[in-house]
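Note sheet for the following structure.
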Amino acid sequence: MDLDPEGLFRDDSDSESEFYREKDSTKEFVVYLVDASPKMFGAARSDEDEKPETHFHAAINCISQSLMAQIIGRSYDEVAVCFFNTKEKKNLQDLNGVYVFNVMDRECLDRPTARLIKELSYVEDRFMSNIGSRYGIVSGSRENSLYNALWVAQALLRKGSAKSVSKRILLFTNEDDPFGSITGATKTDMIRMTLQRAKDTQDLGISIELLPLSWPDEEFNVSIFYAELLGLEGDDISQFLPSAGEILEDMTDQLRKRMFKKRKVKTIRFSIANDICIEVNTYALIRPTSPGQIMWLDSVTNLPLKTERSFICADTGALVQEPHTYFHPYKNEIIKFSMDELSKIKNISDGQLHLLGFKPLDCLKDYHNLRPSTFIFPTDEEIVGSTRIFIALHRSMLRFQRFALAFYGSLYHPQLVALVAQDEITSSSGQVEPPGMHMIYLPYSDDIRHVEELHMAVDANAPRATDDQIKKASALSRRIDLKDFSVCQFANPALQRHYGILQALALGEDEMPEIKDETLPDEEGLSRPGIVRALQEFKISVYGENHDQEEANTAAAKGSGSEASRKRKAMAETAARESASYDWADLAENGKLKDLTVVELKYYLTAHNLPVTGKKEALISRILTHLGK
Amino acid sequence: MARNKEAVVLLLDVGPSMHSVLSEVESVCSMLVQKKLIFGKSDEVGVVLLGTDDTCNELQKEVGGYEHIVVLRNISVVDGNAVDFLQNLPRGNFRGDFIDAIVVGIDLLIKKFGPTNKGKQRICLMTDARYPIKAPYEGTKEDQVNTISQMMQTHGIRLDCIVIREKLPEADLRVMEENDNLLDQFSRKAIAKIVHVDSSTSLLGALKTRNISPVTVFRGDLELSSTMKIKVWVYKKTSEEKFPTLKKYSDKAPSSDKFATYEVKVDYEYKSMEDPDKVVPPEQRIRGYRYGPQVVPISSAEWEAVKFKPEKGVKLLGFTDASNILRHYYMKDVYIFVPEPGNKKAIVAVSAIARAMKDMNKSAILRCVWRQGQGNVVIGVLRPNISSVDNIPDSFYFNVLPFVEDVREFQFPSFSSFPSSWQPNEQQQEAADNLVKMLDLAPSSKEVLQPDYTPNPVLERFYHFLELKSKQPDADVPPLDGSLKRITEPNPAVFSHHKSVIDNFCKNFELKENPKKKKSSKRAWRGKPSTFSEKEEGVDDFEAMMARRDSSKWVSKAIKDMQNHVSDLLENSYDGDAYSKAIECLVALRKGCILEQEPKEFNRYLLGLYEKWKDTDLANFFELLSSKSLTLISQKEASDSNVTEEEAKNFPVKTELKF
């Protein structure tokens, strides 16, 4: 239905696309469960700014961003947004304190739409008047809003089988002790009920994930209550780091990262030596995002079209079945290959990663690259001990500044790879680089071009910069220094524009959004006097004082003509002179043009800047057209 | 004459010291010709051998000398015969003189083309340059090389020389040094490239077997600012050579048809959903873009009007520390920025910036729009490429970097957060350290498997098979050649050389299959699984789970898991090797089921097992059961059972039981 016909022509590209696209055999259903108690609306940061930042705002922000990414990348996943600790209630079970947020033309749990994203981003503005916030669990009442919320979420996730769909509840809250306000038997009873509800939910194959928000001075203590609800034990609790940060943006960042569900590409075996073979998972952390697939519509009805593919024998025109034999012309013959033979040719290894040895990092050159890298991380799931070996090698490789050379015998694209160990890097906003190894796909000799040799100077050395020129260049580079540059700090302006337009059209808006192109150089910064001076000094040092003048002169010289252009000019002048001696209108009128020679006809054409190619008839008709006859 | 047509003379040393690598020489040269047969059908190839027993060349006839040089094939358009020649090179018994051979090669080219075809003529010499060349009649050897270089330059002939030296037993180092100097002199005085390789694998990758005419991606200014610009040309530095696209074959053409193409065309028809018979013509089709569940129709004209249209140009955003850009962010194949050829100012400017970047360990960030009308921008990193050859200018490599949208920030646990049982101890770390240190593929700058000299094994195999099939249509896919196996598998020589390090590594680490996980059919990971611990854990886990009182679910889960475990054991058992383990597990399962009053679960399972396996070679397992008094659970043992004591005892002999 949504076949991109261009993509189907190439057999090899099918496997290519597999590399760029992640396998998403499973859909994902997510319920975002957001605490809306007054505590969530307390200022997390009191700033001079007029609008205080709240935890609630941070949560909504994260969800909006994630929906935005989802509508672009994985639009088949279904989501629901649900608030608890609300004044109003809106849910199928009619439970108090739970409000399921939704927009037109959409089930409660459904694919995200442009409208959902838009209205969600404005939800805060009228939250108090429309939905309202209050504490749901208070002493003296048997109301349990957390219990209700879990129940509603579970009910929302009832559809779809747990086998084919991964179901998650993401719980945003800043309250680490939801039952803190009540005491006695009621408390124990309510805790027990809530835990049982959570357990039942988990038994149905729904995972509950907690995204705690904390105050800078008061860390979210997961062991008070939530550890038990989530089923964390021992080490898990200490590993469970609450997202807290001095800055709310950092926390938003952490939450956003944690909302991703890690999707592995596949599990592969990594054979190290003799009979030692460990297991690692591969992840596609970096892949170009494309504007998505298109589908063909009928422009009259705007309904999707069905694409039908048929195979036609080029010799007889007969319809044939999809052929299973391929051929390659060679030495004026046709060499046939069966599918089986082709896959045998490509199958030169066993799908495993084979260690060949180690090399110092400087053997990995800047031009040893073909495709985005793949991340590998060990797993003990099937082979116990894999992680230990991986960690040991990882450490040694970092210590000795070496990478591992390996052969990745993948069935569709076997390749030599470099495994580069990456140490964990963290910042205030959490993990920046995960620990593990990056698999870098290396080119073969056929893939490398020796372009620089094309313009080799014979018997003469190429000019090199002098020390002074290098010094000027160094000064320049110190001036134009991007101190905190981090890879991927830019949004792709083409994609942003693409989705901006789509969103506007999907919502029926007339105005096209303006997208800021962040990738343009900082003109203002570049015009600072220090930089201008450094640029000027460098320019003079490599180009000489009068460069611009010289350039202008050469450009002018080019304009006023080389040998050829002078000749052309002279010819045009002659033609104009000659052409003037004929009365063309008269000749045309009387059909006498055909009596002239081609050379004579060309005088007219050249004088009037018309093409002079073609046979005599063509020239005549061109003249007639030009004369308007 | 076709624009990119080229003429190559292969000068192949077939003397005695070359015999060990001649099969690779044969295969790399026939690959060259094969690719010409496909991609450059009008290219011309000549073959000259040196070190042969005979002598056969025109120069010898005309002026004398030039012994042991045979012109195997005069320069002519490539054909299948050339492949045959190259695949069956004769082995010579004499020491060839490579300078003589170069002269013969030049002579062939000059006689064939005269002053025409400049710059499209190439001589390709493959030798080990191990024996001294003859002293010239007059002047020194250096003078001779100068004269020859001069001649090559006037006729626009370039020289590619591959010097192959695998190992160096009793070789005369002085002679080789002299020869190397002579060859290097060519690269200074003429357009020549000398490559040294030391293994048969690198030999296969050392010769460019396919000519791809280079195309610039961009010609114009590298803008440091609006006032300071450097003229550059941008090319692709790497680009993957793809597996050839094969055509679909149709056998419908009558055998009498001489002009049959045998091709299959693929036709697409777009049909309306409501009326499947109605074909929608192309002009009535419109593109739909997905946005969530919605599909937004936009015509190409509308799209053209609103889409992102950046201005052509390559602009500097700034410099940054090289360490800010990690290697794994490189996204694509690599570009190279060379200064505009012949433009001295540009060459110096590029050189100054490249060398400054190198000294300060900086990278530059650029924003590129290669062509006008391109719908996107590229952000990437510029790295210096300081030329090591005097007559090649300095240049830059450029790698594309990802945008925010291209990166998935998955979070992974820190290694330090893993339990201590997953952390290597000191001894293990030392074993790993030794492995990383010793298994060195680049000892003292002699790097093996350099990408620049490593051929693509799949393509090598395809072209080899293509040639084979052209002679024997029913040939089988040949196994991977030994030299190519050096790429796909660890080199046994290297591994056995460091046997003690590897053995020590293997000894220090233990791997075992995770018993909780269902079996994996592949048992590739270790020769002998540590059977004892696996059995123990299976039973232990079961008992631990049965003992949990917090939910009744654990019992049924434990029973289920154990049943699966036993089934797995039996399915994977070979010649009864897993029987004892399976029986141990069954005993535990039986005991558990009696305790938990779940006799039916056990009985049903055991009967099911029997039904499934009784007619296979596992039948003897059930005989073993009765000998271990592993019977069905009778009513006497657990009141819920509906099996009598009598029936239980008779299992598996009498099995017509109801339950």
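Chains as they are written, first to last, in full-length UniProt numbering: chain A, 1 to 629; chain B, 1 to 659.
Ideal placement from N, C-alpha and C gives every residue a C-beta, glycine not left out.
Counting only the Cα atoms, Ser187/B lies some 21 Å from Thr209/B.
Inclusion of Leu297/A and Ile365/B in the CB contact set at 7 Å is not warranted, their separation being larger than that value.
Assignment of beta-bridge partners to Cys56/B by DSSP yields Val70/B. The Cβ atoms of Cys488/A and Phe403/B lie closer than 7 Å to each other. Ile336/B carries a strand assignment under DSSP once its states are collapsed to helix, strand and coil. Look at Asn399/B here: in three-state DSSP terms it is strand. Put simply, the stretch 437-456 of chain A touches the stretch 389-400 of chain B. At least three CB pairs are less than 8 Å apart.
For Gly205/A, no Cβ of chain B is located within less than 7 Å of the residue's own Cβ.
Annotation: the continuous beta strand (DSSP E) that includes Val378/B extends over Val378 to Asn385.
The Cβ atoms of Val420/A and His438/A lie closer than 7 Å to each other. The beta carbon of Thr488/B falls within 7 Å of a beta carbon belonging to chain A, placing the residue at that interface.
Around the Cβ of Ala354/B, a 10 Å sphere holds 16 or more other Cβ atoms; the residue is buried. Distance from the Cα of Gln563/B is smallest, within the candidate group Lys312/B, Val33/B, Phe542/B and Asn146/B, for Phe542/B. A Cβ-Cβ separation of about 6 Å places Arg402/A in contact with Lys359/A under the 8 Å criterion.
A distance below 7 Å between beta-carbons, with the five flanking residues on each side excluded, links Tyr453/B to the following residues of its chain, in chain order: Val197, Ser202, Gly205 and Ala206.
At least one CB atom of chain B sits nearer than 7 Å to the CB of Glu382/A.
The stretch 89-98 of chain A and the stretch 139-158 of chain A touch, with no fewer than 3 CB-CB distances between them shorter than 8 Å. Each of Leu195/A, Arg568/A and Ile383/A was checked against the Cα of Ile268/A, and the nearest Cα belongs to Ile383/A. Of Asp468/A, Glu511/A and Asn221/A, the smallest CA-CA separation from Glu537/A is found for Asp468/A.
Look at the beta carbons and you see the stretch 369-385 of chain B touching the stretch 306-322 of chain B: at least three pairs across the two are nearer than 8 Å.
With at least 16 other beta carbons inside 10 angstroms of its own, Tyr463/B counts as buried.
The beta carbon of Asn385/B sits closer than 8 Å to the beta carbons of Ile336, Ala354, Asp394, Ser395, Phe396 and Tyr397 from its chain, once the five residues preceding and following it are set aside; these are given in chain order. Listed along chain B, no residue sits closer than 7 Å to Lys118/A by beta-carbon distance, the nearest being about 12 Å off. Beta-carbon to beta-carbon, Gln34/B and Glu467/B are separated by about 6 Å, close enough to satisfy the 8 Å threshold.
For Asn181/B, the closest Cβ of chain A is not nearer than 7 Å. Any Cβ of chain A closer than 7 Å to the Cβ of Tyr453/B would place that residue at the interface, and such an atom is present. Taking CB atoms only, Glu24/B has no neighbour in chain A less than 7 Å away.
For Ser200/B, the enclosing alpha helix (DSSP H) stretches over residues Ser200 to Ala206. In the displayed model, Gly608/B falls within a helix according to three-state DSSP.
Counting every other CB atom within 10 Å of its CB across the protein chains shown gives Val8/B a total of 16 or more, marking it as buried. Neighbourhood of Ala460/A in chain B, by CB distance below 8 Å: Asn391, in chain order. The Cβ atoms of Glu107/A and Asp77/A lie no closer than 7 Å to each other. When Cβ pairs closer than 8 Å are counted between the two stretches, the stretch 63-74 of chain B is seen not to touch the stretch 586-606 of chain A, the count staying below three. Scanning its chain for C-beta atoms nearer than 6 Å, with the 5 sequence neighbours on each side dropped, one finds around Asp517/A the residues Pro493, in chain order. Contact with chain B is absent for Thr267/A, since none of that chain's Cβ atoms lies less than 7 Å from the residue's Cβ. Against chain B, the CB of Pro513/A has no partner CB under 7 Å away; the residue lies outside that interface.
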